[in-house]
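Each remark here refers to the structure printed beneath this line.
Number of protein chains: 2
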Amino acid sequence: MARRMKLDLSIILEKTTELVDENGVDKLSLGSLAEKLGVRPPSLYNHFEGLNGLKQKLAIHGVEKLHEYMLQAAVGKAGDDAVRAVSEAYIQFVRTHPGLYDASNRFADTNDIELQRAQESVVKLVVQVLQAYNLNDEMAIHMVRGLRSILHGFTSIEHMGGFGMPLDIDESFLILINTFIEGIHSIISKG
Amino acid sequence: MARRMKLDLSIILEKTTELVDENGVDKLSLGSLAEKLGVRPPSLYNHFEGLNGLKQKLAIHGVEKLHEYMLQAAVGKAGDDAVRAVSEAYIQFVRTHPGLYDASNRFADTNDIELQRAQESVVKLVVQVLQAYNLNDEMAIHMVRGLRSILHGFTSIEHMGGFGMPLDIDESFLILINTFIEGIHSIISKG
DNA sequence: TTGCAAAAACTAATCTAATTAGTTATTATA
DNA sequence: TATAATAACTAATTAGATTAGTTTTTGCAA
Numbered sequence: 001m002a003r004r005m006k007l008d009l010s011i012i013l014e015k016t017t018e019l020v021d022e023n024g025v026d027k028l029s030l031g032s033l034a035e036k037l038g039v040r041p042p043s044l045y046n047h048f049e050g051l052n053g054l055k056q057k058l059a060i061h062g063v064e065k066l067h068e069y070m071l072q073a074a075v076g077k078a079g080d081d082a083v084r085a086v087s088e089a090y091i092q093f094v095r096t097h098p099g100l101y102d103a104s105n106r107f108a109d110t111n112d113i114e115l116q117r118a119q120e121s122v123v124k125l126v127v128q129v130l131q132a133y134n135l136n137d138e139m140a141i142h143m144v145r146g147l148r149s150i151l152h153g154f155t156s157i158e159h160m161g162g163f164g165m166p167l168d169i170d171e172s173f174l175i176l177i178n179t180f181i182e183g184i185h186s187i188i189s190k191g
Numbered sequence: 001m002a003r004r005m006k007l008d009l010s011i012i013l014e015k016t017t018e019l020v021d022e023n024g025v026d027k028l029s030l031g032s033l034a035e036k037l038g039v040r041p042p043s044l045y046n047h048f049e050g051l052n053g054l055k056q057k058l059a060i061h062g063v064e065k066l067h068e069y070m071l072q073a074a075v076g077k078a079g080d081d082a083v084r085a086v087s088e089a090y091i092q093f094v095r096t097h098p099g100l101y102d103a104s105n106r107f108a109d110t111n112d113i114e115l116q117r118a119q120e121s122v123v124k125l126v127v128q129v130l131q132a133y134n135l136n137d138e139m140a141i142h143m144v145r146g147l148r149s150i151l152h153g154f155t156s157i158e159h160m161g162g163f164g165m166p167l168d169i170d171e172s173f174l175i176l177i178n179t180f181i182e183g184i185h186s187i188i189s190k191g
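Each protein sequence line maps, in turn, to chains A and B. Residue numbering for the first sequence follows full-length UniProt numbering, starting at 1 and increasing by one per position. Residue numbering for the second sequence follows full-length UniProt numbering, starting at 1 and increasing by one per position.
What follows is the structure in structure tokens.
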């Protein structure tokens with residue numbers, strides 16, 4: 001017999017991530033997680049507050065991981081290249097961790113201070129990336145919202161199989177990002 | 001005693017829509033729906049195939065309704081104005097029917113022929129709206145995907161309370177749509 | 001009209017999964 | 001080594017979907 005598995009939250013979140021990336025977050029159950037961890041379901045309550053509590057912790061975990069991806073991609077890049085780099089990192093993250101990403105969006109408890117901190121890191125990173133365009137503070141926020149909408153929208157639709165036409169999806173993504181970048185340049189020169 | 005409620009699918013979908021728009025689609029249960037309809041939960045199985053079957057029918061209902069909104073907004077408009085009009089209609093639909101919209105995205109059975117038909121109407125409508133830009137066929141699809149990503153992304157994030165900063169959300173939306181439109185013009189003139 | 005077949009309701013029972021209560025075993029440390 | 005804290009366990013409860021089997025209602029044809 002293997003020695004009793006030593007559980008802690010980081011192991012639990014790792015295994016939970018595997019489960020939700022494979023089966024989707026709606027299929028996550030304490031039964032399946034407990035089995036994967038080699039314990040009985042009630043034992044899990046020592047580590048988090050029920051299934052909903054787990055999903056909230058998972059949401060935070062996902063935002064932190066997304067931030068890591070984007071940060072890695074952004075270092076050493078500037079301007080349009082930086083925008084493209086963080087966008088690529090975003091889509092790559094969602095493709096690698098679809099269930100985790102989904103959890104981050106659907107089970108984010110807006111009151112949780114730790115979640116807020118993680119989300120702010122992402123926003124700040126994107127604000128930095130957009131500094132190259134010399135936007136005023138308000139316009140910078142508008143554009144962060146815009147880029148985020150694009151990234152979230154595209155990846156979500158891709159993941160739900162929403163792009164039906166037989167046309168290269170990666171190319172659509174590149175064109176979308178470039179269209180947005182062109183739009184920013186155009187708005188700057190007019191503004 | 002009131003006479004027995006005469007149920008049919010359209011009444012059921014109407015009441016279901018009310019429930020999900022109020023409480024979110026994850027809170028939808030046959031118990032709550034049955035109560036609202038004045039019947040016992042098992043009776044509902046005469047009208048659809050279980051909770052999942054109901055959600056799939058609801059998804060189709062939502063896409064059809066979204067199409068109606070957008071169609072209304074598009075008639076008599078052309079070019080940039082038409083793009084802005086359908087975008088406004090989209091966001092208005094999601095704000096009015098957040099749960100129904102959510103269901104359309106999350107419980108869309110990609111094999112269902114009726115759903116496909118409804119989704120195609122939306123795509124065709126947007127293709128028509130973009131005809132003003134004289135894009136070639138492929139580029140038209142790319143841009144449909146782009147606009148859809150923007151609309152889905154923005155409305156989803158808004159609904160999940162993701163725009164935290166104290167900055168007018170409607171203005172962010174206008175700027176995003178205008179940035180996209182400017183981007184198209186710029187890409188056309190370069191392409 | 002009347003009577004029968006189909007449709008749609010009902011009750012009772014089953015099944016899955018989360019959760020709670022109460023108990024026991026393990027671990028770390030004083 | 002004794003003890004307090006931690007984390008596991010079993011057993012029981014609850015909520016909700018679903019199924020089985022039955023009864024009621026309804027619509028149409030004789």
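Glycine included, every Cβ here is placed at the ideal spot set by N, Cα and C. These numbers come from a predicted model, not from an experiment.
Asked                                                                                                                           : Found
Unbroken stretches of the alpha helix (DSSP H), 4 residues or longer, contained in the stretch 61-105 of chain B                : 79-96
Helix, strand or coil at residue 4 of chain A according to DSSP, with G and I counted as helix                                  : Only weak support exists for where residue 4 of chain A lies, its pLDDT of 44 falling under 50; the coordinates are left without a value.
Beta-carbon spacing of residue 61 of chain A, residue 13 of chain A below 8 Å                                                   : yes
Residues near residue 147 of chain B by beta carbon distance below 8 Å, same chain, minus five either side                      : 83, 87, 126, 130, 180
Segment contact, 8 Å Cβ cut-off, at least three pairs: the stretch 69-83 of chain B with the stretch 43-52 of chain B           : no
Positions along the stretch 106-126 of chain B whose CB lies within less than 9 Å of some CB in chain A                         : 106, 108, 110, 116, 119, 120, 123
Residue of B:24, B:122, B:54 minimising C-alpha distance to residue 95 of chain B                                               : B:24
Residue span of the alpha helix (DSSP H) that contains residue 153 of chain A, given as start and end                           : 137-159
DSSP state of residue 189 of chain B mapped onto helix, strand, coil                                                            : helix
Validate contact between the stretch 166-175 of chain B and the stretch 134-151 of chain A using beta carbons, cut 8 Å, 3 pairs : yes
Own chain partners of residue 123 of chain B with C-beta closer than 7 Å, once the 5 adjacent residues on each side are dropped : 144
Min CB distance residue 96 of chain A to chain B below 8 Å                                                                      : no
Integer Cβ distance of residue 174 of chain A from residue 149 of chain B, believed to fall under 8 Å                           : So it is not a contact: roughly 13 Å between Cβ atoms.
Candidates A:7, A:22, A:56, of which the one nearest residue 159 of chain A by Cα                                               : A:22
Residue 16 of chain B, DSSP secondary structure in three states                                                                 : helix
is_contact[residue 176 of chain B, chain A] using C-beta, thresh 8 Å                                                            : yes
Sequence-distant residues of the same chain with beta carbon closer than 6 Å to residue 119 of chain A, five excluded per side  : 63
Contact list for residue 191 of chain A against chain B, beta-carbon separation under 7 Å                                       : Ordered by position in chain B, no residue passes the 7 Å Cβ test against residue 191 of chain A, which lies about 10 Å from the chain.
Coarse secondary structure for residue 254 of chain A, derived from DSSP in three states                                        : The structure shown does not extend to residue 254 of chain A, since chain A is modelled only from 1 through 191, so no value can be given for it.
Beta-carbon proximity check, residue 186 of chain B vs residue 50 of chain A, cutoff 8 Å                                        : no
Cβ-based contacts, 8 Å cut-off: residues of the stretch 125-151 of chain A near chain B                                         : 138, 139, 141, 142, 143, 145, 146, 148, 149, 150, 151
C-beta contact flag for residue 74 of chain B and residue 104 of chain B at 8 Å                                                 : no
Residue 56 of chain A classed as buried or exposed, judged by whether at least 16 other C-beta atoms fall within 10 angstroms   : buried
Cutoff 7 Å; reference residue 121 of chain B; Cβ partners in own chain excluding five residues on either side                   : 67
Residue from A:31, A:27, A:20, A:189 with nearest C-alpha to residue 100 of chain A                                             : A:20
Nearest-angstrom beta carbon gap, residue 69 of chain A and residue 89 of chain A [assumed within contact, 8 Å]                 : 5 Å
For residue 167 of chain A, the three-state DSSP class (helix, strand or coil)                                                  : coil
Residue 26 of chain B in three-state terms, based on DSSP                                                                       : helix
CB contact below 8 Å: residue 91 of chain A versus chain B                                                                      : no
C-beta neighbour in chain A for residue 104 of chain B, strict 8 Å                                                              : no
Nearest-angstrom Cα separation, counted from residue 155 of chain A out to residue 91 of chain A                                : 6 Å
Closer than 8 Å at the beta carbon, the chain A residues around residue 87 of chain B                                           : The contacting residues do not exist; residue 87 of chain B stays about 12 Å from chain A at best.
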